[in-house]
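Presented below is the structure to which this report refers.
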Amino acid sequence: MVSERGVQITAPSKEVFAGGAYITDETMQAVLERQCHRCAGCNAPLVAGSTHFDFREPVICGGALTPGNFEALCPFCHQNRMRRIRERFAGRRK
Ligand SMILES: [Zn+2]
1 MVSERGVQIT
11 APSKEVFAGG
21 AYITDETMQA
31 VLERQCHRCA
41 GCNAPLVAGS
51 THFDFREPVI
61 CGGALTPGNF
71 EALCPFCHQN
81 RMRRIRERFA
91 GRRK
């Protein structure tokens, strides 16, 4: 299930992967405030409805499921992030 903010909201499980981030409203606000409501990748202002949250360090790569490991990204940077992580993940499997 995906909310209007583009954040995937499901019950926690071990199937966590970058992009399928479990994050609460409280955490989202904390992350946005930490970043002054700007994209962590390109510094563009983040607006409701097109803000993507993701792990700074993917859980699959050893990242922690803590608010400090989340960051907010614009759709463009999130797409780039996902591609990099997929490549990184694919590389680890070889
Ligand atoms: Zn960006």
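Each step along the sequence shown adds one to the number in UniProt numbering, with nothing skipped, and position 79 is 79.
We put the beta carbon where it would ideally sit given N, CA and C, even for glycine.
- With contacts defined as CB atoms closer than 8 Å, Val31 and Phe76 fail to qualify as a contacting pair.
- For Leu65, no alpha helix (DSSP H) segment is defined, and its DSSP state is neither H nor E.
- With a cutoff of 8 Å on beta-carbon distance, Leu65 and Ala40 are scored as not near each other.
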